[in-house]
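**Student:** Numbered according to the UniProt record's numbering, the sequence shown spans residues 1 to 429.
Where a beta carbon is used, it is the ideal one built from N, C-alpha and C, also for glycine.
Quantities reported herein were computed from a predicted structural model and do not represent experimental measurements.
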Amino acid sequence: MGICVSKRSKVDTSVISTGTQSAESKIPNDSGKPLAVSQTASSSGTTTSTESIPSTPKVEQELRLSSKLRKFAFSELKSATRNFRPESVLGGGGFGYVFKGWIEENGTAPVKPGTGLTVAVKTLNPDGLQGHREWLAEVNFLGQLHHPNLVKLIGYCIEDDQRLLVYEFMPRGSLENHLFRRALPLPWSTRMKIALDAAKGLAYLHGGAEKPVIYRDFKTSNILLDAEYNAKLSDFGLAKDGPEGDKTHVSTRVMGTYGYAAPEYVMTGHLTSRSDVYSFGVVLLEMLTGRRSMDKNRPSGEQNLVEWARPYLVEKRKLYRLVDPRLSGHYSIKGAQKTAQLAHYCLSRDPKARPSMNDVVDALTPLLNLKDLASSSFNYQALQSQRTSRHSHLSNGNEISSRKGNVRGVANGSHMSPHHLSVKQNGKS
Numbered sequence: 001m002g003i004c005v006s007k008r009s010k011v012d013t014s015v016i017s018t019g020t021q022s023a024e025s026k027i028p029n030d031s032g033k034p035l036a037v038s039q040t041a042s043s044s045g046t047t048t049s050t051e052s053i054p055s056t057p058k059v060e061q062e063l064r065l066s067s068k069l070r071k072f073a074f075s076e077l078k079s080a081t082r083n084f085r086p087e088s089v090l091g092g093g094g095f096g097y098v099f100k101g102w103i104e105e106n107g108t109a110p111v112k113p114g115t116g117l118t119v120a121v122k123t124l125n126p127d128g129l130q131g132h133r134e135w136l137a138e139v140n141f142l143g144q145l146h147h148p149n150l151v152k153l154i155g156y157c158i159e160d161d162q163r164l165l166v167y168e169f170m171p172r173g174s175l176e177n178h179l180f181r182r183a184l185p186l187p188w189s190t191r192m193k194i195a196l197d198a199a200k201g202l203a204y205l206h207g208g209a210e211k212p213v214i215y216r217d218f219k220t221s222n223i224l225l226d227a228e229y230n231a232k233l234s235d236f237g238l239a240k241d242g243p244e245g246d247k248t249h250v251s252t253r254v255m256g257t258y259g260y261a262a263p264e265y266v267m268t269g270h271l272t273s274r275s276d277v278y279s280f281g282v283v284l285l286e287m288l289t290g291r292r293s294m295d296k297n298r299p300s301g302e303q304n305l306v307e308w309a310r311p312y313l314v315e316k317r318k319l320y321r322l323v324d325p326r327l328s329g330h331y332s333i334k335g336a337q338k339t340a341q342l343a344h345y346c347l348s349r350d351p352k353a354r355p356s357m358n359d360v361v362d363a364l365t366p367l368l369n370l371k372d373l374a375s376s377s378f379n380y381q382a383l384q385s386q387r388t389s390r391h392s393h394l395s396n397g398n399e400i401s402s403r404k405g406n407v408r409g410v411a412n413g414s415h416m417s418p419h420h421l422s423v424k425q426n427g428k429s
């Protein structure tokens, strides 16, 4: 029997999820039995279609196939993933599961694990027309688009109601995992390299491809990393052809992920390349701060990252209080200042005031090799001293209170930590 997995937040704004942990990484099956790729349950918090998946002949008429794509038989992918065993699972989400597999270097036949070409095989939840549309968009866009910063689509499978996609394998997983789920922080230089790679991918979609493409779902979980931390955009299920000719925007149903979608798109459904630029600004802010775009576990004034950080992005004196404390000062002062400034422009409430992605690439390129470490600066050392002093005060308060049999953090009973000490709500420090 198949396993249930929550749908990701690709729904209209009335039911957008605001959870801090992506469902894409939750794999609740521990039975050791093969996963039934044709059986999943949708979450109550999503909108799904009751229409059935179109028949194979009709689908083949909708495909804009590249001659370079390989067409796989379902049996080949079943064997390549060792019968879709749980041990082969790389991740999962609203689309379905992603399995690790092995195929011939230049063919479609499965091979012994650890040999041939390692691939990622994505399955489709057959829960109606929306899932099929996303599968079709993936094939049609990635089948035609080729760039070093886009994940390579190797091939596809279409048999009866089975819909699968075969991608190059990205061994280091997603940026989301490295930013928020790993014990060791992602180094500053690596963050800047990833930001530049992702910017180049978006710039290609907006202006380098034959026709402009709007990505529409730019977020940390959709940025995948290869063995050398080269970043590539994945998951084109929500991508749309951009406006052409005299048109200034594309009107569409609002879909995407809460916390990343541009405000004007959420309000009007008008989609432009500047909508992607806003989303890029959110991700840039996540890389700068080490915080999620939405986090209900934080105090009420800090749950929305953009609104919390916006007042501090243009104040150099307070920049130290924004930067991810896990970096321990191992970041470039000038690089962080320029990154904060760029995020500020990308997050402009006026879409016309946002830079193009080509401008973003130009702004990020000089920031890769800066050596002015914050840990060597007087201001950073003063801030660390302040944090240490407050942390010591917190510890002493606990010790004194505990002697009386009543453990409390500080005089007013509030919880404080080095991650939250430096900035108070309403932009006052």
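Would you call the segment 183-196 and the segment 309-327 touching, i.e. three or more CB-CB distances under 8 Å?
**Tutor:** yes
**Student:** Roughly how many angstroms lie between the CA atoms of residue 287 and residue 198, to the nearest whole one?
**Tutor:** 12 Å
**Student:** What's the C-alpha gap between residue 113 and residue 120?
**Tutor:** The alpha-carbon separation between residue 113 and residue 120 amounts to approximately 13 Å.
**Student:** Taking buried to mean at least 16 other C-beta atoms within 10 Å of its own C-beta, is residue 182 buried or exposed?
**Tutor:** exposed
**Student:** Does residue 78 pass the burial test, meaning 16 or more other C-beta atoms within 10 Å, or should it be called exposed?
**Tutor:** buried
**Student:** Can you tell me the Cα-Cα spacing of residue 87 and residue 279, whole angstroms?
**Tutor:** 33 Å
**Student:** To test your reading of the DSSP string, which unbroken beta strand (DSSP E) runs of 3 or more residues are found completely within the segment 73-160?
**Tutor:** 89-92, 97-103, 117-123, 153-159
**Student:** Just the Cα atoms here: how many angstroms apart are residue 330 and residue 106?
**Tutor:** Spanning the alpha carbons of residue 330 and residue 106 requires a straight line of approximately 44 Å.
**Student:** Starting from the Cα of residue 148, find the closest Cα among 223, 353, 103, 131 and give me that residue.
**Tutor:** 223
**Student:** Is it true that the segment 307-318 meets the segment 173-180, where meeting means three or more beta-carbon pairs spaced less than 8 Å apart?
**Tutor:** no
**Student:** Taking the alpha carbon of residue 73 as the reference point, which residue from 164, 140, 118 has its own alpha carbon closest?
**Tutor:** 164
**Student:** With distances taken from CA atoms, which of 346, 367, 171 is nearest residue 310?
**Tutor:** Of 346, 367, 171, the smallest CA-CA separation from residue 310 is found for 346.
**Student:** Using the beta-carbon count (16 or more within 10 Å), is residue 289 buried or exposed?
**Tutor:** buried
**Student:** For residue 304, which residues does DSSP report across the bridge?
**Tutor:** 294
**Student:** So what does DSSP say about residue 167, is it helix, strand or coil?
**Tutor:** strand
**Student:** Measuring straight from C-alpha to C-alpha, what distance separates residue 192 and residue 318?
**Tutor:** 21 Å
**Student:** Pull up the distance between the alpha-carbon of residue 70 and that of residue 116, whole angstroms please.
**Tutor:** 15 Å
**Student:** In terms of DSSP beta bridges, what is residue 332 paired with?
**Tutor:** For residue 332, which the question treats as bridged, DSSP gives the partners 373.
**Student:** Can you tell me whether residue 196 is helix, strand or coil according to DSSP?
**Tutor:** helix
**Student:** With which residues is residue 213 paired in a DSSP beta bridge?
**Tutor:** 241
**Student:** Helix, strand or coil for residue 315? Go by DSSP, reduced to three states.
**Tutor:** coil
**Student:** Which of helix, strand or coil does DSSP assign to residue 225?
**Tutor:** Strand, per DSSP.
**Student:** Can you tell me whether DSSP reads residue 445 as helix, strand or coil?
**Tutor:** Outside the shown range of the chain (1 to 429) lies residue 445, about which nothing can therefore be said.
**Student:** In this structure, does DSSP put residue 179 in helix, strand or coil?
**Tutor:** In the structure shown, residue 179 sits in a helix (DSSP, three-state: H, G or I).
**Student:** Taking 8 Å as the cut-off, decide whether the C-beta atoms of residue 240 and residue 274 are in contact.
**Tutor:** no
**Student:** Taking only three categories from DSSP, how would you classify residue 1?
**Tutor:** Per-residue confidence for residue 1 stands at a pLDDT of 40, beneath the threshold of 50, marking its modelled position as unreliable; the derived number appears in the next sentence. Three-state DSSP puts residue 1 in coil, outside helix and strand.
**Student:** Assuming residue 351 and residue 272 make a contact with CB atoms under 8 Å, what is their CB distance in whole Å?
**Tutor:** 6 Å
**Student:** Between residue 253 and residue 80, what straight-line distance do the alpha-carbon atoms span, to the nearest angstrom?
**Tutor:** 37 Å
**Student:** Using a 10 Å radius around the Cβ and a threshold of 16 neighbouring Cβ atoms, would you call residue 255 buried or exposed?
**Tutor:** buried
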